[in-house]
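With the numbering used here, letter number 210 in the sequence shown gets 233, and the count goes up by one each step, no holes.
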Amino acid sequence: MDALKATGEDSLAKVLNAYLQSLGFNATYLNPRDAGIVVSDTPGSAQILEESYKNLYKLRDREEIVVIPGFFGYSKSGKLITFSRGGSDITGSIVAAGVKADLYENFTDVDSVFCVNPTIVDNPKEITTLTYKEMRELSYAGFSVFHDEALIPAFKANIPVCIKNTNNPTGIGTIIVSKKEPQLNPVVGIASDTGFISIYVSKYLMNRELGFGRKLLTILENEGISFEHTPSGIDDISVIIRESSLTKEKEERIIARIKEELDPDYVSVERDLALIMVVGEGMDSTLGLADKATHAFNKAQVNIEMMNQGSSEVSMMFGIKSDKVNDAVKSLYEIFFG
Numbered sequence: 024m025d026a027l028k029a030t031g032e033d034s035l036a037k038v039l040n041a042y043l044q045s046l047g048f049n050a051t052y053l054n055p056r057d058a059g060i061v062v063s064d065t066p067g068s069a070q071i072l073e074e075s076y077k078n079l080y081k082l083r084d085r086e087e088i089v090v091i092p093g094f095f096g097y098s099k100s101g102k103l104i105t106f107s108r109g110g111s112d113i114t115g116s117i118v119a120a121g122v123k124a125d126l127y128e129n130f131t132d133v134d135s136v137f138c139v140n141p142t143i144v145d146n147p148k149e150i151t152t153l154t155y156k157e158m159r160e161l162s163y164a165g166f167s168v169f170h171d172e173a174l175i176p177a178f179k180a181n182i183p184v185c186i187k188n189t190n191n192p193t194g195i196g197t198i199i200v201s202k203k204e205p206q207l208n209p210v211v212g213i214a215s216d217t218g219f220i221s222i223y224v225s226k227y228l229m230n231r232e233l234g235f236g237r238k239l240l241t242i243l244e245n246e247g248i249s250f251e252h253t254p255s256g257i258d259d260i261s262v263i264i265r266e267s268s269l270t271k272e273k274e275e276r277i278i279a280r281i282k283e284e285l286d287p288d289y290v291s292v293e294r295d296l297a298l299i300m301v302v303g304e305g306m307d308s309t310l311g312l313a314d315k316a317t318h319a320f321n322k323a324q325v326n327i328e329m330m331n332q333g334s335s336e337v338s339m340m341f342g343i344k345s346d347k348v349n350d351a352v353k354s355l356y357e358i359f360f361g
C-alpha cells in the first residue's frame with residue numbers, strides 16, 4: 024500500500040526533472056533509496072534514521088540540480104515506507120539537514136503563514152518571522168500550511184525555514200528561526216482545532232494521593248490513547264484527547280477502570296470541544312495577555328470550558344464548545360491584531 028501511495032510524488036519528481044532538463048538545466052532524478060534516506064519499518068508513519076544524514080551529506084558537493092521525490096524512504100530491508108500525510112515537507116527538511124543547508128525553502132499555495140485561519144477572518148495579517156516553537160504550536164492546533172514533524176530535522180540542525188508561494192516565488196514569505204527579537208505584541212498567531220473530548224475526574228484530596236495522575240494516564244496508555252492536555256486543580260483533572268481515538272467501547276472500558284481503580288467522587292465525559300491556542304514567545308514577560316484573551320471570549324459571549332498555560336508560556340490553550348470557534352477566533356483576532 025505504501026508503494027502505491029508514493030507513486031504520485033515519485034512520478035511528479037520524474038516529470039519535474041525532465042522539465043528542468045528540457046529547459047537546459049543540468050538536473051538529475053535521485054530515488055530516496057539512492058539518496059540514502061533510511062527510515063523505520065513503520066508504514067504510514069516512517070521515522071528517519073540517523074545514518075540518513077551522513078548519506079545525504081555526500082550530495083552536498085554535487086554540481087547538478089538533484090530532484091528527490093518526497094513523502095517516502097526505504098527501510099533497512101529495502102522496503103518502501105511512507106511518512107505521515109503531508110510528508111513531503113519532512114523529506115525536504117531531512118535533506119536540508121543532511122546537506123547542512125543555509126536555508127530550507129518550502130513552497131506551498133499561500134504567500135506566507137497568516138496569524139489566523141483566513142477562512143474564519145477575511146484578509147488576516149501575515150507573519151513575517153516565527154520561531155520553531157511558535158510554528159510547532161500553531162501547526163498542532165490547526166495551521167496546516169507546514170507539517171509539524173518537518174520542523175524537527177531543521178530545528179535540530181538550526182536551519183532557518185522559509186515558507187513561500189509556488190505561484191509567487193519572489194514574495195517575502197514567512198521565515199522560521201530559532202530565536203527572534205522581542206516584539207511589542209508577542210502574540211504571533213491564533214490557531215483553532217475541533218474534534219476533542221475531555222475526561223473529567225474529581226476526587227477530594229486528590230493532590231495528596233501519590234501517583235493519581237500517573238495511574239489515570241496509564242489507563243489511557245493501556246487503551247492505546249495519547250493525551251493532548253491535562254488541565255488540573257488540587258482536587259480535579261481533565262484529560263483532553265482526540266475524539267477520533269476514543270471509540271464507544273474504549274470509552275466504556277476507560278470509565279469503568281477509572282471508577283474501579285481510582286475511586287473518584289465524580290467522572291464525566293464532555294464532547295464537541297474545540298481548542299484555541301494563542302501563541303507567541305515572550306508572553307511570559309508581557310502583562311495582561313490572559314486578561315485580554317478572556318475579555319475577547321466574554322465579548323463574543325463564549326464560555327471558557329477550560330484553560331491551560333504551559334510554564335514556557337509559548338501558548339495559552341482555551342477549551343470551548345465547537346460551535347463557538349469562529350466567534351471566539353474573530354474576537355481574539357480583533358483584540359490582538361485589530
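By construction, the Cβ of each residue, glycine as well, lies at the ideal position given by its N, Cα and C atoms.
Could you tell me which of the options sits nearest to residue i, measuring between CA atoms?
i	options	result
ASN245	ARG280, GLY218, ARG231	ARG280
SER135	PRO254, LYS123, PHE166, GLY115	PHE166
PRO192	SER45, GLU128, ARG83, GLY247	GLU128
GLY121	LYS77, PRO92, LEU72	LYS77
LYS353	VAL184, LYS179, PRO147	PRO147
ASP112	LEU174, LYS123, LEU79, ASP84	LEU174
ILE104	TYR80, SER116, SER45, THR30	THR30
VAL302	GLU274, LEU269, MET340	MET340
GLU283	PRO254, VAL224, ILE248, ASP33	VAL224
GLU274	SER261, ILE248, GLY256	ILE248
GLU172	LEU298, TYR289, GLY115, GLU87	GLY115
Within 10 angstroms of its Cβ, does residue i collect 16 or more other Cβ (buried), or is it exposed?
i	result
PHE48	exposed
ASN181	exposed
GLY194	exposed
THR231	The identity of residue 231 in the sequence shown is Arg, whereas the question assumes Thr. Exposed, because fewer than 16 other Cβ atoms sit within 10 Å of the Cβ of ARG231.
TYR42	exposed
TYR227	exposed
THR241	exposed
LYS347	buried
LEU243	buried
VAL210	buried
THR154	buried
GLU304	buried
GLU160	buried
ALA26	exposed
In whole angstroms, give me the CA-to-CA distance for residue i and residue j.
i	j	result
SER267	GLU293	14 angstroms
PHE235	ASP125	47 angstroms
PHE250	ARG265	8 angstroms
VAL62	LYS203	33 angstroms
ASP57	LYS187	28 angstroms
PHE95	HIS318	46 angstroms
VAL118	ASP259	46 angstroms
LEU285	LEU239	8 angstroms
VAL89	ALA164	34 angstroms
ASP198	THR152	Here the sequence assigns Ile to residue 198, which means Asp is not the residue at that position. The straight-line gap from Cα to Cα measures roughly 5 angstroms.
PHE106	PRO176	14 angstroms
ILE24	ALA323	Reading the sequence as shown, one finds Met at residue 24 and not Ile. Approximately 47 angstroms, taken between the alpha carbons.
VAL139	GLY101	42 angstroms
LEU233	SER255	15 angstroms
SER45	GLU157	41 angstroms
ILE222	MET329	12 angstroms
PHE169	ASP288	43 angstroms
ALA50	GLU32	17 angstroms
ILE327	GLY342	6 angstroms
By the DSSP assignment, the beta strand (DSSP E) with residue i in it spans what residues?
i	result
ILE213	212-225
ALA50	50-52
GLY63	Reading the sequence as shown, one finds Ser at residue 63 and not Gly. That residue, SER63, is in no beta strand (DSSP E); it is neither H nor E in DSSP.
ILE198	197-200
ILE343	338-344
GLN332	329-332
Considering residue i, what are the terminal residues of the alpha helix (DSSP H) in which it resides?
i	result
ILE358	348-360
VAL38	30-45
PHE320	312-322
ASN78	74-80
ALA58	55-58
Just to check, is the beta-carbon of residue i closer than 6 angstroms to a non-hydrogen atom of the ligand MG?
i	result
ILE277	Because no ligand of any kind appears in the structure shown, any question about the ligand MG cannot be addressed here.
field: Complete runs of the alpha helix (DSSP H) confined to the segment 228-294 [at least 4 residues]
entry: 235-245, 271-285
- prompt: Residue ranges of each beta strand (DSSP E) run of no fewer than 3 residues wholly in the segment 166-193, ordered along the chain?
  reply: 184-188
query: For the segment 89-166, which segments carrying the alpha helix (DSSP H) assignment without a break, of at least 4 residues, lie completely within its bounds, in sequence order?
result: 111-121, 155-163
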